[in-house]
Structure formats: structure tokens, C-alpha cells
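Have a look at the structure below, then the notes.
Protein chains: 2
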Amino acid sequence: MGRMSGPVLELLLPVDRAANEPLHAQIERGLREAIRDGRLAVGAPVPSSRALAAELGVARSVVVDAYAQLCAEGYLRARGGSRTTVATTAATRAAPRSTTAGGAPTVAYDFHPGLPDLAAFPARAWASSLQRALRRAPHAALGYPDPRGIPCLREVLAGYLARARGTLAEPDGLLVCAGIVQGLSLVCQALRARGARRVAVEDPCWIFHRALPIHAGLEPVPVPVDQDGIRVAELDGIAADAVIVTPAHQFPTGAALAPHRRAALLEWAARNDVLVIEDDYDAEYRYDRDPVGALQGLASERVLYAGSASKILAPGLRLGWLLVPDALADAVATEKIHADLGSDVPGQLALADFIETGELDRHLRRTRRSYRSRRDALIEALHTHLPDAQIQGIAAGLHALAVLPSDTDEAALIANAATRGVSVHGLSWHRANPPTGPPGLILGYANLPESTMEHGIRELALARGQS
Amino acid sequence: MGRMSGPVLELLLPVDRAANEPLHAQIERGLREAIRDGRLAVGAPVPSSRALAAELGVARSVVVDAYAQLCAEGYLRARGGSRTTVATTAATRAAPRSTTAGGAPTVAYDFHPGLPDLAAFPARAWASSLQRALRRAPHAALGYPDPRGIPCLREVLAGYLARARGTLAEPDGLLVCAGIVQGLSLVCQALRARGARRVAVEDPCWIFHRALPIHAGLEPVPVPVDQDGIRVAELDGIAADAVIVTPAHQFPTGAALAPHRRAALLEWAARNDVLVIEDDYDAEYRYDRDPVGALQGLASERVLYAGSASKILAPGLRLGWLLVPDALADAVATEKIHADLGSDVPGQLALADFIETGELDRHLRRTRRSYRSRRDALIEALHTHLPDAQIQGIAAGLHALAVLPSDTDEAALIANAATRGVSVHGLSWHRANPPTGPPGLILGYANLPESTMEHGIRELALARGQS
Chain P
0 MGRMSGPVLE
10 LLLPVDRAAN
20 EPLHAQIERG
30 LREAIRDGRL
40 AVGAPVPSSR
50 ALAAELGVAR
60 SVVVDAYAQL
70 CAEGYLRARG
80 GSRTTVATTA
90 ATRAAPRSTT
100 AGGAPTVAYD
110 FHPGLPDLAA
120 FPARAWASSL
130 QRALRRAPHA
140 ALGYPDPRGI
150 PCLREVLAGY
160 LARARGTLAE
170 PDGLLVCAGI
180 VQGLSLVCQA
190 LRARGARRVA
200 VEDPCWIFHR
210 ALPIHAGLEP
220 VPVPVDQDGI
230 RVAELDGIAA
240 DAVIVTPAHQ
250 FPTGAALAPH
260 RRAALLEWAA
270 RNDVLVIEDD
280 YDAEYRYDRD
290 PVGALQGLAS
300 ERVLYAGSAS
310 KILAPGLRLG
320 WLLVPDALAD
330 AVATEKIHAD
340 LGSDVPGQLA
350 LADFIETGEL
360 DRHLRRTRRS
370 YRSRRDALIE
380 ALHTHLPDAQ
390 IQGIAAGLHA
400 LAVLPSDTDE
410 AALIANAATR
420 GVSVHGLSWH
430 RANPPTGPPG
440 LILGYANLPE
450 STMEHGIREL
460 ALARGQS
Chain E
0 MGRMSGPVLE
10 LLLPVDRAAN
20 EPLHAQIERG
30 LREAIRDGRL
40 AVGAPVPSSR
50 ALAAELGVAR
60 SVVVDAYAQL
70 CAEGYLRARG
80 GSRTTVATTA
90 ATRAAPRSTT
100 AGGAPTVAYD
110 FHPGLPDLAA
120 FPARAWASSL
130 QRALRRAPHA
140 ALGYPDPRGI
150 PCLREVLAGY
160 LARARGTLAE
170 PDGLLVCAGI
180 VQGLSLVCQA
190 LRARGARRVA
200 VEDPCWIFHR
210 ALPIHAGLEP
220 VPVPVDQDGI
230 RVAELDGIAA
240 DAVIVTPAHQ
250 FPTGAALAPH
260 RRAALLEWAA
270 RNDVLVIEDD
280 YDAEYRYDRD
290 PVGALQGLAS
300 ERVLYAGSAS
310 KILAPGLRLG
320 WLLVPDALAD
330 AVATEKIHAD
340 LGSDVPGQLA
350 LADFIETGEL
360 DRHLRRTRRS
370 YRSRRDALIE
380 ALHTHLPDAQ
390 IQGIAAGLHA
400 LAVLPSDTDE
410 AALIANAATR
420 GVSVHGLSWH
430 RANPPTGPPG
440 LILGYANLPE
450 STMEHGIREL
460 ALARGQS
């Protein structure tokens, strides 16, 4: 570079006097990029500050500043009286990674079972809640939060859960987390840290019920589910330290844990000193009667309750909550501290206001009505187009299970459906041992407009005809 | 209860016909509470639905509904023709835990080193950014987010970091996380999962630089820091798999990593194939010149960069970011999925808008000015009241280090200061081996009004007189 002519230097270091960026910063940026691109070779001398200043038509001090900065950053090396050179530590730029192109087929009918009606998310009310809550909160609220959650949200949530889910919730036992995934992850880590080894899980179940224990160093042990929920009698002999269940609406079968099983599960857990982890992911939605109250309300020192805003509002909020038995409360809070120091304050403030002002109840009333209509439209469409499907789990939640005749090729059906723009989950995806049990489809209906439900199911039936 | 008289029942089940809550729900709630309180004993029969309906003056179907609900929830047990009883699984309520009373002495002068000016948080602009971004975002944005962060924020952040910190940031290599704690936690877990055992850390350092590796099953190995930053020569022989450093402004000494050390560190890391983890927690604030560019910009495949909004905006946002070398990108993203599936979307949307609209730059300009004034006020107050303190690390960041004469009893000074309403961190708290090195105080100045700085330091001097 020391011997470069003016035009080359200008190409390398285009200095724009009209720009907002100071001249020395422009020169620094230009040199950094030239070094990274390899246009300035490692070890090569750079021009003297006097020469470069003259070439660029800037004050020499500007170039001196830029060189000093780049020396401090390690791009250049200045050694006493000799020429400043490009430092050997300066790397050349890696080839830019290609951005992932959206080459997947278009999804016209997405029956993903985990999504509420995203178009119904009350964005304006949510933003108002945030604005109001931020205005009211003391400045200190935006410092490092209480790792268990901000007190006002824990207070409001404890009240909401007691009222809506029949839990025994004291604000002290509540821990705010980033959705049920973080909640279960913290619990698994806390259990592992105190020596736990095995966690019984439902079979079939949500894949994270197996994945999170494994990730935490625990062994998930599948226990079969039937139309009454988890088969409690089969828990004996597993030597599990905990069991993860979905009593209100089993995922994915949709079964409610029968009263005799609820009693038997708690008796078994007490007898064997096992922690029951209740994943209450979608229990607010029950269409034939009031939601069945949480198991936690029966045995708050035996049952750890996990819930979230993902189904009642939106998964993107990443807001969840745990009700933790006293004996585990400190251990789970310690995991939360090491995970992220606490959940984000604006989201917590907004949720507290959103519940307190009755917005959540309003939203739940509205969506309960619309989800029931969507569910009915789904059932009708299934009766019409897939009459041999056996429909289960429709009393509650945001999805139904369509069990198909045993000769159905589930994988082929799902693949054919995808080519027709229908995205649907297979029942076998959620089984610990895929070949066992009948084939089926998990059909989330909450995020599909009623008007498109029939078209989607018709396409699914056509896909089946292809299989 | 079968033999309770009307008034007792009314006390137990006060039914309010004017309330919004349906009658059956009121009865359910009353019974649940009575069972939990032990007012209704386990195993005891409840009145027939006919008798209770007559007592309460409600339709029998209301009581039948309530009993059915409580049976489903496991509070009651109905067996064929015989009387419904309180189920044996129904627990009695645990004594409410006492809420933590605020008995700590009042803090009038909080020199906590981790806090920016919380009163300056631009709450209104932040809420506007959220509102605008929520309005513009497609509905689907509020579904499950990209675990690495929403694309628009990664794009905006990559640009900001390249411009403000001289990083080599492609949006693809960026991962949004819940503050630097989550970022480092994910990295430690990813390293541990691939067999790493030891992480070199600065001594003294931020306590989480030692705590997070330990929590992930790694051994932190302290390496001394002097006025030029970490002593790179002492890294040899440790057999570290990674090293965590704070090159721009060492925490807590405030030293900038000297150019020769930056070069030596990268050379050492390349020679030994060690990952350099750059914690760039407060580098946006530099008062004598432009901030020293990030080490990551010199060696993006060797250096993992961690930054956050905690110092430039507020820790309560819990927003941070990592620039992850290609070789580790998938492993860290996998940890993020198991940690929480991804960061909250509203916060990400708000931050992207906040940067794009220039609000962050405006905020940084404003706070740089005010922090410099606060820093100057602190230095002046120290000169006046603690003239033998040796002040270090004032060129950048949000805190200074006051090294005290070696005969100072640091612990006694801090305890006495607390009784005078002055909260301050000791240098020894951050050392791996507390007895080594001189005593000192870490003085965060960003969250203290200029006008109170002198009073706070005078109280500190008086506390020292007591020691």
C-alpha cells in the first residue's frame, strides 16, 4: 500500500466529507475492510500518516487517530520508529455464509398442533398494557429482575391460576420462566443436580418431554397412555424420580386423565416419593364444561405445575410459569439464575397488566367461542372426507387426534399432504417406539380460519387417495 | 358435613347470586377451599346434591355439576350408589409461606457496578418501537420464533455491531439470547457437550465468569490480570479449552487489553486451538476516544463475541447477543432450543425498531455525555474525600476501581458503608483467591445522579474513618 497511487487509495478508502461518520472513522472502517478482504496483506506496511493524509486530502491528525485506533484494535502494529504494518493477527474475512433460502413448498393449511389463532393476538391491547405498565413501574424495575419473576406478576398470576385452574398458588412458590420448555428444562436440571436419574413420560407424548430430560442427563422412561390417560399401574417398577403428565388434555391423544387415575397417580407418587410434573399447556380451553382443575390443587407439595401464555396468547411471548413445591423452590430458582438471571421485565409487566385489566379473560372468552367453531368445522370436515377416521380428544385444547385404520401408511400420507400444501403431524412422531399402536394425525385447528378447514381436510383426503 | 346445619353451610359456602361467577363455580371454589383447609375432613361424606341444593337455595343441577367437576378434579370421590366423599387424595393446604419482609437498611447511594442510568431508560420510545413493530409484523411472527433470533433483528444487530464495535458479523452467525448470562451459559454447555473440561478466566473477574463454567461442569482456571489486561503468558500450561476475557474494559479493574496482549492472545489461541470468549459488556462507553473495536473483528472464527442491551439500555430487558464461530454455531443453537426455544418476540421486535429508527444512537449519545459527567464527579469526590485511593479503569465503561492502601480492611469498610446507606462492591469479591492483591472498591457511577455523588463518597470516607 505504501506505493499505491492516489486513485487506488481512493478506491480503497473512499472518504465522504458530507457523511455523518467522522473522517477518521471512515478511514478506520475502510482499512479494517481492506485488511479483512485481503486487499491489504498481512505484514504489509501502510503509508506514513503524512503520505496518507496528503493522498486523501485530510489533516494528518485524522490519519494518526485512525492508525492509533487500529493499533489498539490489533489490525495494525506500530513498532517505534519503523513503518506501521498490518498485524499478523488480523484475519481475512471468511466467505459470507449463504442465507437460508425459502425453498420449501408453500403451506396453505397448517394443522400444527401447538399454535393458537395468531391473527387474534390482541397486539394493540398488549402494547397498551406494556406502555401503561412501563409508565407506572419505578425506574428500578428495569434493573436486574427478581430471578423468580417480578413480584406484581407473581401476585397476579397466583390469583389467576387459583381462579382459572384451581391451583394452590402462593406468589412465593411461583417462578416466571420463558415458556414451558424453559420451565421443564430448569426442573430437569434441578432434579439431575440432586441425583435423580429417571423420569417417567407419557407414550405418546410431546417430544420435548423426552428431549429435555435427556438433555439434562436424565433417562426418560415411556409409560403407555390409553383413553383414560397415563396407565398409572405401569409406573411401578420403573424407579422413576419424577413423572411428566398432561392430565387436563393429554398430548397428543387428547384424553383427560380419568378421576380414578388422578387419585391413583397421586397415591403412587406419595408412596414412592416421586415428583409429579403437570404440564398444563392448553387446559384453559375446554368446550363441554369448565376446565378440569389442575392436579396441583390436590397436592401442591407433590405436584410441580407448569403453564404458559403460548396457547392462551402466543408462543412468541415466551412467557411461562411454574408452581414449585417448597422442597424444590430454591433449587429451581438457582437454575433460573444460571440460565438467564430472570425473565424479561417488559413482558412480565405487560402480562400482569393484561391480566389485571381483564384483557386476558376477554381474550379467552372470544377465542373459546372461535376455537369451538373451528373444532366443529374440523369434525364435520373429517366426517365428510375421512369418515373412517376415529376422532379423539375434542373436548378440550387446540387439537384433535384422528386415528386411522391400521393399514394406513402414515408417513406416505403426511408426505403426500405436504405436496398439496397441507402440513400435519403424525401420531407416530410422538411415540417412544413408532411402530407400536395405530397410525394417526394430530390436527391443530386453532390457527386455521373456519372457512379453510374443509378445504384443508379435503386436500388431506385426496393425499390419502394418492398413498 | 352431611349433618351440618344451614348457617354452618352458608359460612362454608357463601353463595352470592349477584356475583359474576356462576353459582356452580362458587360452590366448587367453596368446597375446594373447605377441603384444603381441613374444614371438610378427608373421607367424610358430603351432603346429597338434593340436600345441599335445598340448603343453599339453588337448583339441584347446579350442585350436581359442582360435584361432577370436583370428582373429575379428584377432590371428591363418587362410588356408584353410595355417598360421595372427600377423596383421600385431597391434600390440606400448607401453611402460607411468609413473604420476605424488606428489613434491609435503606440504600441511599448505590454504587452497584452493573447498572446503567435506569431513570434515563427511554420507556416511551421503547413502547412506541414495540407498538410500531407489532403492528407491522405478520401474525406468524408471534408463533414459535427462530431459536437464533428473529431475522430482522439479526440483520439490524449485525449492522449495528459492525459499525459500533467493529465486529465481523453476518446475521447467520448471530444468536439472540437473554443477556450475556444466558449467552455464556449456552456456550459453556455447548463446550461441555463436546468434551471441553477447562476454561481460563481472568482474576479478578465477574463472578459469573467462574460460576457459569462450574454450573456447566467445566473447571474455571484463574489467570492474573494487570494494567494491560490478562497476562497471556500465564495461559500456557493450563490446557484450557476456552478463555473468557473482557478486552475493551476488564471487569472489574477497568484495564483495556493492551495491543501487544491482544495479538499475543490471538496467537496463543490459534496455536493451541482454544476458543476466545469476548465478553463485551460495556464497551460502547469510552470517554477519551472511540471505543476500541472488538477482538472478534480480528479473528471471527477464533473469537466468540457476547454483548447485551444491559448496559446500553437496561438489564431488565434481558436482551443479549452472541456472534458464534461457524464451527460452534449449530451446537450453541441446539443449546438455545433446549433452554427456551428462542427469545421473546416482542422484545426482539422492539429492539430492531429501536436501532433502525436511530433511537439507540440517540440514547447512547445522551448517556455518554451524562456518564462522563458522573464519572468526573466521582473522580473529583474521590480526590477530595479518599485522596489515597488509586483510581483505575476510568477511560471506559460504567464503573471505576478505587485501589486502597494495603492496610485497609475492605470487609469492615463495606459493612460500615452499608450502615451509612452506601452500597459498594469489594474488589476481593471478584478475586478467585480473595486474600491476594490489594483491597479496593468497585464504584459504579452510571446510576447515581451527579449531585449525590459527592455525598455518597463523603459517607464512604466517613465509613472508612470508622473502620
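Same order as they appear, the protein sequences are chains P and E.
The letter at position 377 of the first sequence is residue 376 when you use numbering that gives the first Met the number 0, and the numbering goes up by one with no holes.
The letter at position 77 of the second sequence is residue 76 when you use numbering that gives the first Met the number 0, and the numbering goes up by one with no holes.
Glycine included, each C-beta is placed from N, C-alpha and C at the ideal position.
Going by alpha carbons, who is nearest to residue i out of the options?
i        : options                                : result
E:Val273 : E:Leu129, E:Ala241, E:Ala257           : E:Ala241
E:Gly315 : E:Thr366, E:Asp235, E:Ala122           : E:Ala122
P:Val421 : P:Asp109, P:Tyr66, P:Pro437, P:Leu397  : P:Asp109
P:Tyr74  : P:Glu32, P:Ala163, P:Pro46, P:Pro434   : P:Glu32
P:Arg463 : P:His398, P:Asp387, P:Arg364           : P:Asp387
P:Pro433 : P:Pro223, P:Gly341, P:Ala298, P:Gln249 : P:Pro223
E:Asp145 : E:Lys310, E:Gln347, E:Arg317, E:Ala192 : E:Gln347
P:Pro251 : P:Gly439, P:Cys204, P:Asp235, P:Gly194 : P:Cys204
E:Asp352 : E:Glu27, E:Ala431, E:Ser427, E:Gln130  : E:Gln130
P:Gly56  : P:Val14, P:Val85, P:Leu363, P:Tyr66    : P:Val14
Residue i by DSSP, collapsed to three states: which one?
i        : result
E:His429 : helix
P:Ser307 : strand
P:His111 : coil
P:Pro324 : coil
E:Cys187 : helix
P:Val61  : helix
P:Thr84  : strand
P:Val302 : strand
E:Gly102 : Its pLDDT being 42, under 50, E:Gly102 is placed unreliably by the model, and nothing is read from it.
E:Glu169 : coil
E:Gly5   : Low local confidence applies: a pLDDT of 40 at E:Gly5 is under 50, so the model's placement there is unreliable, and no value is given.
E:Gly443 : strand
E:Cys204 : coil
Starting from residue i, find everything on chain P with Cβ-Cβ shorter than 8 Å and list it in chain order.
i        : result
E:Gly315 : Ala140, Leu141, Gly142, Tyr143, Pro144, Asp343, Val344, Pro345
E:Arg31  : Gly165, Gly292, Gly296
E:Leu350 : Residues of chain P passing the Cβ test: none, with the nearest at roughly 11 Å.
What does residue i reach in chain P if we use C-beta pairs closer than 7 Å?
i        : result
E:Cys70  : Pro258
E:Leu400 : Per Cβ cutoff of 7 Å: no residues; E:Leu400 is ~20 Å from chain P at best.
E:Ala417 : Per Cβ cutoff of 7 Å: no residues; E:Ala417 is ~18 Å from chain P at best.
Give the interface partners of residue i over in chain E, defined as CB-CB distance under 9 Å, in chain order.
i        : result
P:Asp15  : Per Cβ cutoff of 9 Å: no residues; P:Asp15 is ~15 Å from chain E at best.
P:Asp289 : Pro21, His23, Ala24, Glu27, Asp64, Gln68
P:Gln391 : Under the 9 Å cutoff, chain E gives no residues; its nearest Cβ is about 18 Å from P:Gln391.
P:Gln226 : Ordered by position in chain E, no residue passes the 9 Å Cβ test against P:Gln226, which lies about 15 Å from the chain.
Strictly below 8 Å CB to CB, what residues from chain E border residue i?
i        : result
P:His337 : Val180, Ser184, Ala210, Leu211, His214
P:Ala410 : Near P:Ala410 there are no residues of chain E at all, since even the closest Cβ is about 23 Å away, more than 8 Å.
Below 9 Å on C-beta distance, what does residue i contact in chain P?
i        : result
E:Arg134 : Ala122, Arg123, Ala126
E:Leu234 : Those do not exist, as E:Leu234 stays about 15 Å from chain P at its closest Cβ, beyond 9 Å.
Output, in chain order, the set of chain E residues within a Cβ distance shorter than 7 Å of residue i.
i        : result
P:Gly292 : Glu72
P:Gln249 : Those do not exist, as P:Gln249 stays about 14 Å from chain E at its closest Cβ, beyond 7 Å.
P:Ala195 : Near P:Ala195 there are no residues of chain E at all, since even the closest Cβ is about 16 Å away, more than 7 Å.
Does the ligand ZN have a heavy atom nearer than 8 Å to the CB of residue i?
i        : result
E:Arg193 : Ligands are entirely absent from the displayed structure, and the ligand ZN is therefore not among its contents.
For this session: Please confirm if the segment 317-328 of chain E is in contact with the segment 153-167 of chain P, defined as three or more CB-CB distances below 8 Å between the two stretches.
Result: no
Problem set entry | Segment contact, 8 Å Cβ cut-off, at least three pairs: the segment 383-392 of chain P with the segment 450-465 of chain P | yes
Exercise. Is the segment 354-363 of chain P close to the segment 197-210 of chain E, with three or more CB pairs under 8 Å?
Worked result: no
Exercise. Would you say the segment 253-268 of chain P touches the segment 224-239 of chain P, given that touching needs at least three Cβ pairs under 8 Å?
Worked result: yes
Exercise. Along the chain, which unbroken stretches of the alpha helix (DSSP H) at least 4 residues long are found entirely within the segment 388-422 of chain E?
Worked result: 409-418
Exercise. What are the complete beta strand (DSSP E) segments, minimum 3 residues, inside the segment 214-276 of chain E?
Worked result: 218-225, 241-244
For this session: Could you say if the segment 137-149 of chain E and the segment 111-129 of chain E meet the contact criterion of at least three C-beta pairs nearer than 8 Å?
Result: no
Exercise. Is the segment 415-434 of chain E touching the segment 275-282 of chain E, taking contact as three or more C-beta pairs under 8 Å?
Worked result: no
Exercise. So does the segment 179-186 of chain P actually touch the segment 402-413 of chain P, counting three or more Cβ pairs closer than 8 Å?
Worked result: no
Exercise. Taking contact to mean at least 3 C-beta pairs separated by less than 8 Å, is the segment 164-175 of chain E in contact with the segment 288-305 of chain E?
Worked result: yes
For this session: Evaluate the contact criterion for the segment 308-322 of chain P versus the segment 36-54 of chain E: three or more CB pairs, one atom per stretch, below 8 Å.
Result: no
For this session: Output the residue ranges of the alpha helix (DSSP H) runs that lie fully inside the segment 119-166 of chain E and measure 4 residues or longer, sorted by chain position.
Result: 122-135, 150-164
Exercise. Can we say the segment 283-292 of chain P touches the segment 315-324 of chain P, given the rule of at least three CB pairs closer than 8 Å?
Worked result: no
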